[in-house]
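The opening residue of the sequence shown carries number 17 in this note's numbering; numbering runs sequentially from there.
Yeah, the Cβ is synthetic: ideal placement off N, Cα and C, and Gly gets one too.
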Amino acid sequence: MAAKVLVTREIPTAGTDPLKDYDVTVLGDGVPDRETLLEAASGASAILSTVTETMDAGLMDAAGSGLKVIANLAVGYDNVDVDAATERGVVVTNTPGVLDETTADTAFMLLLAAARRLGEAERLVRSGGWEAWGPMQLTGPEVSGKKLGIVGFGRIGQAMGRRARGFGMRIFYDARSRKPEAERELDARRMSLEEILSTCDFVSVHTPLTDGTHHLIGAAELATMKPEAVLVNTSRGPVVDEAALAGALLEKRIFAAGLDVYEEEPKVHPKLLELENVVLAPHIGSASIETRGAMAALAAENLVAVMRGEEPPNAVNSDAHGDAL
Ligand code: GLV
Numbered sequence: 017m018a019a020k021v022l023v024t025r026e027i028p029t030a031g032t033d034p035l036k037d038y039d040v041t042v043l044g045d046g047v048p049d050r051e052t053l054l055e056a057a058s059g060a061s062a063i064l065s066t067v068t069e070t071m072d073a074g075l076m077d078a079a080g081s082g083l084k085v086i087a088n089l090a091v092g093y094d095n096v097d098v099d100a101a102t103e104r105g106v107v108v109t110n111t112p113g114v115l116d117e118t119t120a121d122t123a124f125m126l127l128l129a130a131a132r133r134l135g136e137a138e139r140l141v142r143s144g145g146w147e148a149w150g151p152m153q154l155t156g157p158e159v160s161g162k163k164l165g166i167v168g169f170g171r172i173g174q175a176m177g178r179r180a181r182g183f184g185m186r187i188f189y190d191a192r193s194r195k196p197e198a199e200r201e202l203d204a205r206r207m208s209l210e211e212i213l214s215t216c217d218f219v220s221v222h223t224p225l226t227d228g229t230h231h232l233i234g235a236a237e238l239a240t241m242k243p244e245a246v247l248v249n250t251s252r253g254p255v256v257d258e259a260a261l262a263g264a265l266l267e268k269r270i271f272a273a274g275l276d277v278y279e280e281e282p283k284v285h286p287k288l289l290e291l292e293n294v295v296l297a298p299h300i301g302s303a304s305i306e307t308r309g310a311m312a313a314l315a316a317e318n319l320v321a322v323m324r325g326e327e328p329p330n331a332v333n334s335d336a337h338g339d340a341l
């Protein structure tokens, strides 16, 4: 009998085609409720999950002792309890590398849109309220030649830096270790987070969500930013204190923000929804057709490798499989 594989959401066929040898259940297009998920997981050897599903101990126990792998369709895997998986000998994989350029595109798009007030401008045109070109209408800070601070200088942060170099920006970064190669390529300089916040014109956040990065940018940090600064977050919502950010934007303590991620998706802090100086995207960082296909294919490749007893390309807990591989 073919092993049971659960795919928690509808995904590009590049992700389901490689699973043809298995007994595959694909849940619908929407986010499955917890009960549906627990029921569908029962007896699964493998789960291909997305960021909207919480993969915790309860879910793993509902799947049962035959569960070998959770292949997450994302580079971030804060929705997966990796310790619980490791304890149960379940391999967890993610999809790094294939979404760097696309996610950096989104971050730079938000940076430009927030600086140049695109959301507000579009709302003006659509409302019929645009009366004429105006010499001071909808002006925002220039982007070219400004200082960009990149918080988290991994693959996506560096891809953001390459885009910024095309705009003649000066690059500063905060990372746990120095990145000499990227420093050379981008003429980038490492700085403390404090220095970045107090001196950069634009700050873009690219750290994973961990216990150490939760509310990394909170009220105290926002208070040190320049009034003309723009903050961009395409990493994970809880890295920024959303209520504190809404307060800073409301009181114009910073110029604007561009957000793709939120603390409690799909909820957005109600104050943010009312503000003109924030551009709000619905977690579309990696949403190009090509990249979503590549992510689905990579998630499936990881899943199949574990099922075959091979080393998957992207295990995040390579200590999990013990004798299984
Ligand atoms: C999406 O949010 C990802 O982590 O890939």
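Rounded C-alpha distance that separates residue i from residue j
i, j, result
"GLY170", "MET125", "19 Å"
"GLU292", "ARG269", "14 Å"
"PHE381", "TYR93", "In this structure the chain extends from 17 to 341, so residue 381 is not present and cannot be described."
"VAL98", "ALA57", "17 Å"
"ILE300", "ASP72", "24 Å"
"ARG308", "GLY150", "41 Å"
"VAL322", "GLY74", "22 Å"
"VAL96", "ALA123", "24 Å"
"SER220", "ARG104", "37 Å"
"ALA148", "ILE305", "37 Å"
"THR68", "VAL47", "7 Å"
"ALA18", "GLY156", "59 Å"
"MET185", "GLU201", "13 Å"
"ASN318", "GLY44", "22 Å"
"ASP190", "MET207", "6 Å"
"ASP64", "LEU266", "A small fix is needed here, since residue 64 is Leu in this sequence, not Asp. Taking the straight line from one Cα to the other gives about 40 Å."
"THR250", "ILE166", "12 Å"
"LEU134", "SER143", "14 Å"
"ALA310", "GLU327", "19 Å"
"ALA235", "ALA30", "43 Å"
Whole-number beta carbon distance between residue j and residue i, since they are thought to touch under 8 Å
i, j, result
"LEU261", "ALA297", "About 15 Å; that fails the 8 Å criterion."
"GLU21", "ASP39", "It is Val, not Glu, that sits at residue 21 in the sequence shown. Going by Cβ atoms, the distance from VAL21 to ASP39 rounds to 7 Å, so yes, they are a contact pair."
"GLU197", "ARG205", "Wrong, their Cβ atoms sit about 14 Å apart, outside the cutoff."
"GLY168", "THR223", "3 Å"
"PRO28", "ASN330", "With a Cβ gap of about 18 Å, PRO28 and ASN330 do not count as contacting."
"ALA312", "VAL294", "31 Å between Cβ atoms; not a contact."
Outcome for residue i when other beta-carbon atoms lying within 10 angstroms are tallied against a minimum of 16
i, result
"GLU258", "buried"
"MET152", "exposed"
"ARG50", "exposed"
"ARG192", "exposed"
"VAL289", "A quick correction: the sequence has Leu, not Val, at residue 289. With fewer than 16 other Cβ atoms within 10 Å, it is exposed."
"ARG179", "buried"
"PRO243", "exposed"
"PRO282", "exposed"
"THR66", "buried"
"ILE172", "buried"
Chain-order list of residues whose beta-carbon lies under 7 Å from that of residue i (same chain, five-residue window excluded)
i, result
"VAL106", "MET76, LEU83, LYS84, VAL85, ILE86 and ALA336"
"ALA175", "ASP116, GLU117 and ALA120"
"VAL284", "TYR278 and LEU296"
"TRP146", "LEU140"
"GLU55", "none"
"VAL42", "VAL23, GLU26 and THR32"
"GLY338", "Here GLY338 scores only 48 on pLDDT, less than 50, and its place in the model should not be relied on; the value that follows carries that caveat. Only GLY105 meet the Cβ criterion."
"ASP203", "ILE187"
Own chain residues within Cβ distance below 6 Å of residue i, not counting five before or after
i, result
"HIS231", "ASP257"
"LYS287", "ALA262"
"THR240", "LEU213 and SER214"
"ILE233", "VAL256"
"LEU314", "THR111 and VAL114"
Same chain, Cβ closer than 8 Å to residue i, neighbours up to 5 away in sequence not counted
i, result
"ALA101", "MET71, MET76, ILE86, VAL107, VAL108, ASN333 and ALA336"
"GLY59", "LYS20, ALA79, GLY80 and GLY82"
"VAL248", "ALA123, LEU126, LEU127, ALA130, PHE218, VAL219, SER220, VAL221, ALA273, GLY274 and LEU275"
"ARG194", "ARG206"
"ASP37", "ALA18"
"TYR226", "Note on identity: in this sequence residue 226 is Thr, with Tyr being the wrong assignment. Only ASP94 meet the Cβ criterion."
"GLU136", "LEU154, GLU292 and ASN293"
"THR52", "LEU43"
"GLU280", "GLY253"
Identity of the residue in the options nearest residue i by Cα
i, options, result
"GLY161", "ALA148, LYS283, LEU154 and GLY177", "GLY177"
"LEU127", "PRO254, ASN318 and VAL246", "VAL246"
"LEU164", "LEU154, LEU134 and PHE183", "PHE183"
"VAL114", "THR250, LYS195 and ALA303", "ALA303"
"ARG132", "GLU210, VAL255 and LEU154", "LEU154"
"HIS210", "PRO254, LYS36 and GLU237", "The identity of residue 210 in the sequence shown is Glu, whereas the question assumes His. For GLU210, the nearest C-alpha among the options comes from GLU237."
"VAL159", "ARG142, SER143, GLU138 and ARG181", "ARG181"
"GLY361", "THR250, ILE63, PRO254 and LEU314", "For residue 361 there is no data in the structure shown, the boundaries of the chain being 17 and 341."
"ARG252", "ALA90, LEU314 and PRO328", "ALA90"
"LEU61", "ALA235, THR52 and VAL320", "Correcting the residue identity first, residue 61 is Ser in this sequence and not Leu. Cα-wise, what sits closest to SER61 is VAL320."
"LEU35", "ALA316, GLU327 and PRO328", "ALA316"
Short CB-CB distance (under 8 Å) between residue i and chain B
i, result
"LEU64", "As a matter of chain content, chain B is missing from the structure shown, which is built from one protein chain."
Cβ-heavy atom distance, residue i to the ligand NAP, below 7 Å
i, result
"LEU64", "With respect to small molecules bound, the structure shown includes the ligand GLV and not the ligand NAP."
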